[in-house]
Amino acid sequence: MRGLSVVNDKVAWISGSGGTVGITNDGGSNWSWLQVKGYEKSDFRDIEAFSDKEAVIVSSGTPAYILKTADGGLTWTKHFEQRDTSYFLDAMDFKDPKHGFVLGDPINGKFLLLKTDDGGNNWVPAHYSPGAYKNEAAFAASGTCIRVYKSGIMIVSGGSKSRLISSTDNGKNWHYLDLPLTDGTSSRGAFSVAKNGNEIIIVGGNYAKDKLRDSVAVIINGSENISKASMPTLAPEGFQSSVEHLNGNFYLSTGTSGTNISTDSGNTWKKIDDRSYNVCRKAKKGKLVLLAGDKGNIGILKF
132 MRGLSVVNDK VAWISGSGGT VGITNDGGSN WSWLQVKGYE KSDFRDIEAF
182 SDKEAVIVSS GTPAYILKTA DGGLTWTKHF EQRDTSYFLD AMDFKDPKHG
232 FVLGDPINGK FLLLKTDDGG NNWVPAHYSP GAYKNEAAFA ASGTCIRVYK
282 SGIMIVSGGS KSRLISSTDN GKNWHYLDLP LTDGTSSRGA FSVAKNGNEI
332 IIVGGNYAKD KLRDSVAVII NGSENISKAS MPTLAPEGFQ SSVEHLNGNF
382 YLSTGTSGTN ISTDSGNTWK KIDDRSYNVC RKAKKGKLVL LAGDKGNIGI
432 LKF
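The letter at position 8 of the sequence shown is residue 139 when you use my numbering, and the numbering goes up by one with no holes.
So this is what it looks like as structure tokens:
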């Protein structure tokens, strides 16, 4: 399980390999599971839900698909398909129920960026996609390597280059910031970004050596002109694939090495759980925080 979208304190959706989608209507205590018919071999790396009825899912690999349901997962409609093997969809985020983006690995020196203005019914290439280095890519580890905020977009990358790529005008112009995270191989770099006001927290590391705790988190305190990144005083204990702002100065991060929490805006982190998860997300409206990972593991954070 890598896709997770928490709508409110009752409703959440999960997506994963084997064409699998899960839905809860009681805050994560009980789940209904389904396998999307005709897509049994798809790996749904990300999901965005708007209610207990409506959700969009993204499939990585070939073919690349974007599907949508309006009846709680009973039926799904295909709204995007690409069989070109150069297409690898990584993550998706919406700033509101109508406007969203899907991020894919670079093609011909530019990140693939698709946009929708009608809630995921139609997807078209964005007019201005950010540039990419050779062998730079986004990690489809948790669906949080892209975040969309009003007119702003943030993308974090890894591989040959670890960067924060940001726009404050809906993707017309892009700003690039090299991050002090170890990169240079396909398993290293920045995996996830979270934002609270002018505060930006980025996590990642090396998923091939997930117990290493150096070079796994970055703090950025700036304004619209993002120009400086620093390392925390005490980093999370190992590779982290997802980070989420909870409230105030509280952030949660998780990965195959375990789950960590910071109460001081990412400066120091404390490990709170040893289990392996891929993603953590907080309710869009409410306080529910869920985690999901391999072997169908699901966690509920109480704080």
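Ideal Cβ placement from N, Cα and C applies to all residues, glycine included.
Cross-strand partners of residue i (DSSP beta bridge)
i, result
"K416", "N139"
"I357", "I357 pairs with nothing; no bridge assigned."
"I429", "A423"
"K226", "BP columns for K226 are empty, so no partner."
Same chain, Cβ closer than 6 Å to residue i, neighbours up to 5 away in sequence not counted
i, result
"A195", "Q213, Y218 and L220"
"I466", "In the structure as shown, the chain begins at 132 and stops at 434. Residue 466 is therefore absent and cannot be evaluated."
"N266", "G290 and S291"
"S318", "N337, Y338 and A339"
"N398", "P363 and T364"
"P261", "F242, I296 and W305"
"S361", "I350"
Contacts around residue i, its chain only, beta-carbon distance under 8 Å, and the 5 residues preceding and following it disregarded
i, result
"P256", "L243, L244, L245 and K246"
"A357", "Before going further, note that residue 357 is Ile rather than Ala in the sequence given. Excluding positions up to five away in sequence, the list reads L295, S297, H306, L308, I331 and I351."
Buried/exposed call for residue i, threshold 16 Cβ in 10 Å
i, result
"Q166", "exposed"
"L295", "buried"
"H258", "exposed"
"T206", "exposed"
"P311", "exposed"
"W400", "buried"
"T151", "buried"
"G427", "exposed"
"F434", "exposed"
"D227", "exposed"
"N391", "buried"
"G147", "buried"
"D224", "buried"
Presumed contact (8 Å Cβ cut-off) between residue i and residue j, rounded CB distance
i, j, result
"V279", "W254", "Not quite, the Cβ-Cβ distance comes to about 14 Å (not below 8 Å), so this is no contact."
"Y382", "A325", "6 Å"
"S190", "S173", "4 Å"
"V187", "K199", "5 Å"
"T299", "G274", "About 22 Å; that fails the 8 Å criterion."
"Q371", "G336", "6 Å"
"N378", "D395", "In fact, because the Cβ distance is near 13 Å, the residues do not count as touching under 8 Å."
"S373", "N409", "7 Å"
"I178", "G134", "4 Å"
"G435", "R406", "An answer regarding residue 435 cannot be provided, because it is not within the stretch 132 to 434 covered by the chain."
"A222", "A271", "6 Å"
"G240", "A263", "6 Å"
"K415", "V137", "7 Å"
Proximal residues to residue i (C-beta, below 7 Å), its chain only, five neighbours per side dropped
i, result
"K76", "In the structure as shown, the chain begins at 132 and stops at 434. Residue 76 is therefore absent and cannot be evaluated."
"K161", "Lys is not the amino acid found at residue 161; the sequence shown has Asn there. Answer for N161: T155, listed in chain order."
Which ranges would you report for the beta strand (DSSP E) in the stretch 137 to 180 if only whole runs of at least 3 residues count?
143 to 146, 151 to 155, 163 to 166 and 174 to 180
Write down every uninterrupted run of the beta strand (DSSP E) in the stretch 368 to 393 whose length is 3 residues or greater and which is fully enclosed by it, in chain order.
373 to 378, 381 to 386 and 389 to 393
Entirely enclosed beta strand (DSSP E) segments - the stretch 245 to 313, minimum 3 residues:
277 to 280, 283 to 287, 294 to 298 and 306 to 309
Taking the runs of the beta strand (DSSP E) that are 3 residues or longer, which of them lie wholly in the stretch 185 to 234?
186 to 191, 195 to 200, 208 to 213 and 220 to 225
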